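Taking it in order: structure first as structure tokens, then the write-up.
2 protein chains.
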Amino acid sequence: MNVRPLTKTSNERSDATRRRLIDAGMELFGVNGFDATTTRALADAAGANLAAIPYHFGGKDGLYRAVAQAVIDGLNDQMGSFLDSVQREMDAGVGSPHQAMALIERLMADFAEVVLQRPEADNWVCFVMREQMQPTEAFSILYDSPIKRMRDLFSKLLSHVSGLEPDHVRIKLTGIELLGLVYVFRVARASTLREMGWQTINEAAYAEVRTVILESTRLILRGLQAKN
Amino acid sequence: MNVRPLTKTSNERSDATRRRLIDAGMELFGVNGFDATTTRALADAAGANLAAIPYHFGGKDGLYRAVAQAVIDGLNDQMGSFLDSVQREMDAGVGSPHQAMALIERLMADFAEVVLQRPEADNWVCFVMREQMQPTEAFSILYDSPIKRMRDLFSKLLSHVSGLEPDHVRIKLTGIELLGLVYVFRVARASTLREMGWQTINEAAYAEVRTVILESTRLILRGLQAKN
DNA sequence: CCTAACAATTCATACGTTTGTATTATGCGT
DNA sequence: ACGCATAATACAAACGTATGAATTGTTAGG
Numbered sequence: 665m666n667v668r669p670l671t672k673t674s675n676e677r678s679d680a681t682r683r684r685l686i687d688a689g690m691e692l693f694g695v696n697g698f699d700a701t702t703t704r705a706l707a708d709a710a711g712a713n714l715a716a717i718p719y720h721f722g723g724k725d726g727l728y729r730a731v732a733q734a735v736i737d738g739l740n741d742q743m744g745s746f747l748d749s750v751q752r753e754m755d756a757g758v759g760s761p762h763q764a765m766a767l768i769e770r771l772m773a774d775f776a777e778v779v780l781q782r783p784e785a786d787n788w789v790c791f792v793m794r795e796q797m798q799p800t801e802a803f804s805i806l807y808d809s810p811i812k813r814m815r816d817l818f819s820k821l822l823s824h825v826s827g828l829e830p831d832h833v834r835i836k837l838t839g840i841e842l843l844g845l846v847y848v849f850r851v852a853r854a855s856t857l858r859e860m861g862w863q864t865i866n867e868a869a870y871a872e873v874r875t876v877i878l879e880s881t882r883l884i885l886r887g888l889q890a891k892n
Numbered sequence: 665m666n667v668r669p670l671t672k673t674s675n676e677r678s679d680a681t682r683r684r685l686i687d688a689g690m691e692l693f694g695v696n697g698f699d700a701t702t703t704r705a706l707a708d709a710a711g712a713n714l715a716a717i718p719y720h721f722g723g724k725d726g727l728y729r730a731v732a733q734a735v736i737d738g739l740n741d742q743m744g745s746f747l748d749s750v751q752r753e754m755d756a757g758v759g760s761p762h763q764a765m766a767l768i769e770r771l772m773a774d775f776a777e778v779v780l781q782r783p784e785a786d787n788w789v790c791f792v793m794r795e796q797m798q799p800t801e802a803f804s805i806l807y808d809s810p811i812k813r814m815r816d817l818f819s820k821l822l823s824h825v826s827g828l829e830p831d832h833v834r835i836k837l838t839g840i841e842l843l844g845l846v847y848v849f850r851v852a853r854a855s856t857l858r859e860m861g862w863q864t865i866n867e868a869a870y871a872e873v874r875t876v877i878l879e880s881t882r883l884i885l886r887g888l889q890a891k892n
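Residue numbers (my numbering), protein chains in the order written: chain A, 665 to 892; chain B, 665 to 892.
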């Protein structure tokens, strides 16, 4: 019944085991889902003993929650800097719709880079998508993520572009739509690869995808601006 | 070892059992995935006996494949008519880019209706998305679906709009992008509801979503047209 | 029209595996 | 030598499937 006894002296070895288990969980839970991932597979992948899971996390569920938290942390690592950057520029004052559009395009480019190019994303994107489709108790952890920060930034910036209020229905839905422009190439990756005749989304392929995403973004933004 | 003995006289009772098991599989596999769905849960939901699964489908895998096929059939039922309709009009000759744009908008509206409004969609959308993220052997069954037909229609129509070849990279990616405009509201439904403060995507909410989807579609199409 | 015989299906149950976790013992640093 | 972390093993529960009996539906002989 002894779960993470919180020793004063931070034990490096146990921290390493926890981290390895979380890494393994990110990979296996993300790819195969909760039920399809066995504790034995997790322990093997982490190079840890089977009993380390109940010991460190109280059980399989606890490890899953820890992985969810690690996903958030990873998102913060990968998205925090450019979110902060845009936030700062926004706080300094958005002079024109054109400036707001430029910031949104930057957000989209950086987000696409993270979601479609970073190899680490392979794991957490699937993890998050699975929680979207069938939320567990871990969904609340994931909801307050950098992605929500990004949606909020979108709302404010889109407000500058369109002249509508940031919490206007149209604005919020458009923000979700923009994220969808990126998500679709990850979620429907299997179909995309097959349709395009690609083996992977390599450098050249990503360049094409990125172009289309940014082009569509620009068009949607320009349309939103022209309207009001 | 006797699997579906193919009696001359079609047995109503066994057909009904198969159908109930497939319906239960559509629901449970779709929502919870393959591993999280137990044969006992399937049998209970179908009001059938446990042994009916190996008997009629050869096992859990066989039932899963049968459900995948049923998903295709359902898609054909729900999308076949408007796909045929657009196909006919296209074959009759697309006179102007404007006409092609109108057809694409019709496709998008009908597709959104099916994906976001039909209650039956709740099951198969999750089923398909799961196969997208982690394709099993059933993916091949699903790939040759009405959705591929729709992508092909998009390619041809987008070709008319833009002047580019139907198999041009930009064209195909734009087709995927358009589908993403619809998918995102289903896949990221949990976040959408939470973000919008909605309980469900009811009539009024759907009207807003539909407006945004069609607006974005129009903007992307117009941009594609203006470019060449 | 009835009914016995047969095949097809459903059912209750049992079996071997695999699952997650508990238990106990061993290693290791302070 | 003491406490924490790891390791090997054991165990109850749940899993998918196999098995044989019971039930249902169909068909042929009277």
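From the three backbone atoms N, C-alpha and C, an ideal C-beta is built for every residue, glycine too.
Please read all numbers here as calculations on a predicted model, not as lab measurements.
Counting only residues of its own chain and dropping the five nearest sequence neighbours on each side, B/Ser880 has a CB closer than 7 Å to the CB of Leu845.
Under the 9 Å criterion on CB atoms, B/Val876 is classed as interfacial with respect to chain A. Here DSSP, grouped into helix, strand and coil, assigns B/Asp831 to coil. By the Cβ-count criterion, B/Glu841 is buried, with 16 or more other Cβ atoms from all chains shown falling within 10 Å of its own Cβ. Here B/Gly744 is exposed. Its C-beta has fewer than 16 other C-beta atoms within 10 Å. Taking every protein chain shown into account, the CB of B/Leu714 has fewer than 16 other CB atoms within 10 angstroms, so this residue is exposed.
Proximity of the segment 696 to 708 of chain A to the segment 730 to 749 of chain A falls short of the contact definition, fewer than three beta-carbon pairs being nearer than 8 Å. A distance of 9 Å or more separates the beta carbons of A/Thr681 and A/Ala730. The beta carbon of B/Val758 is closer than 6 Å to those of Ala764 and His824 in its chain, skipping five residues each way along the sequence.
For the segment 693 to 712 of chain B, the beta-carbon criterion of a distance under 8 Å to any beta-carbon of chain A is satisfied by Val695, Asn696, Gly697, Phe698, Asp699 and Ala700. The C-beta distance from B/Val792 to B/Leu806 rounds to 6 Å, short enough to meet the 8 Å contact threshold. Burial state of B/Ala871 is exposed, judged by a 10 Å Cβ sphere holding fewer than 16 other Cβ atoms. For A/Arg853, the enclosing alpha helix (DSSP H) starts and ends at Arg853 to Met860. By the CB criterion at 9 Å, A/Arg813 and A/Leu747 fall inside the cutoff. Within the segment 751 to 770 of chain A, no residue has its Cβ closer than 8 Å to any Cβ of chain B. The three-state secondary structure of B/Val758, taken from DSSP, is coil. Per DSSP, the unbroken alpha helix (DSSP H) holding B/Ala707 starts and ends at Thr703 to Ala710.
By the Cβ test, the segment 716 to 730 of chain B is not in contact with the segment 783 to 792 of chain B, since fewer than three Cβ pairs between them sit closer than 8 Å.
Classified as buried, A/Gln742 has 16 or more neighbouring CB atoms from the shown chains inside 10 Å of its CB. Burial check for B/Glu801: the Cβ neighbour count within 10 Å stays below 16, so the residue is exposed.
For B/Arg794, same chain residues with a beta-carbon under 7 Å away, outside a window of 5 residues either side, are Gly697 in chain order.
Approximately 19 Å separates the beta-carbon atoms of A/Gly887 and B/Leu843; this is outside 8 Å, ruling out the contact. Identification of chain A residues near B/Lys836 by a Cβ-Cβ cut-off of 8 Å yields Glu859 and Met860, ordered along the chain. DSSP places A/Ala785 in the uninterrupted alpha helix (DSSP H) bounded by Ala785 to Met797. Straight through space, the alpha carbons of B/Asn740 and B/Leu685 are spaced by roughly 20 Å. Between B/Leu780 and B/Arg874, the CB-CB gap stays under 9 Å. Sixteen is the threshold: when 16 or more other Cβ atoms of the shown chains lie within 10 Å of the Cβ of A/Thr856, as they do, the residue is buried. For A/Pro810, not one C-beta of chain B is nearer than 9 Å to its own C-beta. Excluding residues up to 5 positions away in sequence, Leu692 and Phe693 lie with their Cβ nearer than 7 Å to the Cβ of A/Thr701 in the same chain. Here B/Thr864 is exposed: its Cβ has fewer than 16 other Cβ atoms, across all protein chains shown, within 10 Å. Chain A has no Cβ within less than 9 Å of the Cβ of B/Gly827. A direct Cα-to-Cα measurement between B/Glu753 and B/Trp862 gives close to 38 Å. Interface annotation for the segment 716 to 737 of chain B against chain A: empty, criterion Cβ-Cβ distance under 7 Å. Residue environment for A/Ser819: buried (at least 16 other C-beta atoms within 10 angstroms of its C-beta).
For A/Ser823, the secondary structure class from DSSP, reduced to helix, strand or coil, is helix.
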